[in-house]
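Okay, structure first, notes after.
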Amino acid sequence: MICRPDPGLYILTFLTIPLELRLFIYDVFLANHQHVDASRQPSNAHFALLHTCKQIACEAAYYRAYVSLAHEQQITAFISNIPEAHASQILFADVANDGRIVSYSDQTVPVSYLYQALGKMSSLRGLRVFDCRRGGPTRDFIPGARLSLQFELAMFPSGRTGLHFYELYLGPSTQAVLFQSISSSDIQLLRLSGRVRFSKTLQVLSLSHLAIRCVTSNHLDHRMEKHFNHSNLQSFCYAQGNNRMGSEITDRYFQSLVSGLGAGLRKLILLGCKYFALSLVTIRELRSSFITALPASVIVFKLKISNAWYTDPLIQQETELCDELEASFLRRQPPPQSVFLSLRDSVLNGRDVHWRILARALGYSLTLEPWEQSENV
């Protein structure tokens, strides 16, 4: 017979830890729980911790400020069971947006009841939107009504102001017209994905952080300042993603970033940079001079080199880059802490053995494998 320890003993042991450490553990647990991996929406499992005992429920009460609504059953349960007073305390929400609108005569109504759930969250400041995989039925609507996709109107038919964080985790085929009913004036962090476009010229005066990942429309192919006029970015993250139709970063992006739009980025990224991650897709040329420009402050270095699907690999240039990388960075004194490289075997050509010996001798970690999935972009 197997004797299983009483779960209550674990709780009692946890409560003997100093309060400052418990609060730190709560923060780490929630941050890990909210982390998005491969655009998969987090669950509401964090609420289970609040039901262990009254003391933990009190100490981690701020967990109630975050909710995840992944399908229609959760949405309707939230509307029915969560009082207005509790819903008004929610600051951050992850939602699966159905996006469908039913129009009949002069009336329009969303298929999903998500708009009612979001309407109860009067203090909402952060919204992350995911693809809906379990949408509600339309059989209850009037025959002959017109069905259309209206991404934001399905969430906020009457409009919404006061959002500071607006992040999209959408598939490459999901269409989204942004800032049709959500005000852009208070947005500080914006993450774009899917087939997005903007309903109008933006006035995002507060925008400080912009992330673009696997955007499959050509709406961003123009100069960025056209869309983000008056913004002063502090951080900019870009990833083409695994879709061939993903928007490619061009010289125009960088021309915009070093102009008034991203003037603050030069000091943030190029001066005193400690963490450098670059996934570079080559088309016609590859220069290794950026390796020598890395400041001595860089202690974590990540690099991936690949070619666009419609071009041939630049084997000679990639080999020259490896030579420069070893001479200027891998042998550097003082050495870095961590190096992550995703390079072709034909380019490495046995260098990996030598590089591992070099890393052990200088005392830093070297990982030679794909690393992009660990980046939250």
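So the sequence shown is residues 93 to 469, counted in my numbering.
Glycine included, each C-beta is placed from N, C-alpha and C at the ideal position.
Open item on the list: Counting C-beta neighbours from all protein chains within 10 Å, is the total for D190 16 or more, i.e. buried, or is it exposed?
Closed with: buried
TODO: Could you name the residues of the same chain whose beta carbon sits closer than 8 Å to that of Q465, not counting the 5 residues immediately before and after it, in chain order?
DONE: D129 and A130
Open item on the list: Please classify V445 as buried or exposed, where buried requires at least 16 neighbouring CB atoms within 10 angstroms.
Closed with: exposed
Task: Where W447 falls, given that 16 or more other Cβ within 10 Å makes a residue buried - done: buried
TODO: Below 8 Å on the Cβ atoms is my guess for Q133 versus A162; work out the distance and round it to an integer in Å.
DONE: 5 Å
TODO: Compute the distance between the beta-carbons of L281 and H256, then report whether it is under 9 Å.
DONE: yes
TODO: Taking the CB atoms as reference points, tell me whether C145 and L107 lie closer together than 9 Å.
DONE: yes
- [ ] Return the chain-ordered list of same chain residues with a C-beta closer than 8 Å to the C-beta of R424, the five sequence neighbours on each side being excluded.
- [x] A388
Open item on the list: Could you check whether N441 and T403 sit closer than 9 Å to each other, using their CB atoms as the reference points?
Closed with: no
TODO: Report the rounded CA-to-CA distance for A419 versus P428, giving the unit in angstroms.
DONE: 14 Å
Open item on the list: Between the alpha carbons of F248 and T200, how many angstroms are there, rounded?
Closed with: 12 Å
Open item on the list: Within a Cβ cutoff of 7 Å, which residues of the same chain sit near L360, ignoring the five residues on either side of it in sequence?
Closed with: Low per-residue confidence applies at L360: pLDDT is 34, beneath 50, and the placement is therefore not dependable enough to give any value.
Task: Rounded straight-line distance, which links the Cα of D119 to that of N310 - done: 39 Å
Task: Local conformation of S265 per DSSP, three classes - done: coil
- [ ] Out of V194, P264 and I148, state which residue places its alpha-carbon closest to the alpha-carbon of G236.
- [x] V194
Open item on the list: Rounded to the nearest angstrom, what separates L312 and A400 at their Cα positions?
Closed with: 19 Å
- [ ] State the DSSP-derived secondary structure class of H138, mapped to helix, strand or coil.
- [x] helix
Open item on the list: Do Y261 and F290 have their beta-carbon atoms positioned less than 9 Å apart in this structure?
Closed with: no
Open item on the list: Judging by CA-CA distance, which residue of F243, A451, M337 and D186 is the nearest neighbour of F421?
Closed with: A451
Task: L363 - DSSP class collapsed to helix/strand/coil - done: Its pLDDT being 41, under 50, L363 is placed unreliably by the model, and nothing is read from it.
Open item on the list: Quick check on A152: does DSSP put it in helix, strand or coil?
Closed with: coil
- [ ] Can you grab the Cα-Cα spacing for the pair T308 / Q272, in whole Å?
- [x] 19 Å
TODO: Indicate whether G254 and S276 have their beta-carbon atoms separated by less than 9 Å.
DONE: no
TODO: Starting from V187, follow its DSSP beta bridges and name the residues at the other end.
DONE: L161 and V221
Task: Test item: CB-CB of Q409 and R379 under 9 Å - done: yes
Task: Short Cβ contact (9 Å threshold) for S135 with S160 - done: yes
Open item on the list: Check this for me: beta carbons of K212 and F170, under 9 Å apart or not?
Closed with: yes
- [ ] Starting from F432, follow its DSSP beta bridges and name the residues at the other end.
- [x] K394 and T459
Open item on the list: I'd like to know whether the C-beta atoms of A177 and A209 end up nearer to each other than 9 Å.
Closed with: no
- [ ] Output the distance between the C-alpha atoms of F368 and L395, rounded to the nearest integer angstrom.
- [x] 8 Å
TODO: Spell out the partners DSSP gives F320 in its beta bridges.
DONE: DSSP output for F320 lists no bridge partner at all.
- [ ] Taking all protein chains shown into account, decide if D186 is buried (16 or more other Cβ within 10 angstroms of its Cβ) or exposed.
- [x] buried
TODO: With DSSP collapsed to three states, give me the class of R358.
DONE: Legend: pLDDT at R358 = 36, less than 50; position of this residue unreliable, no value from coordinates given.
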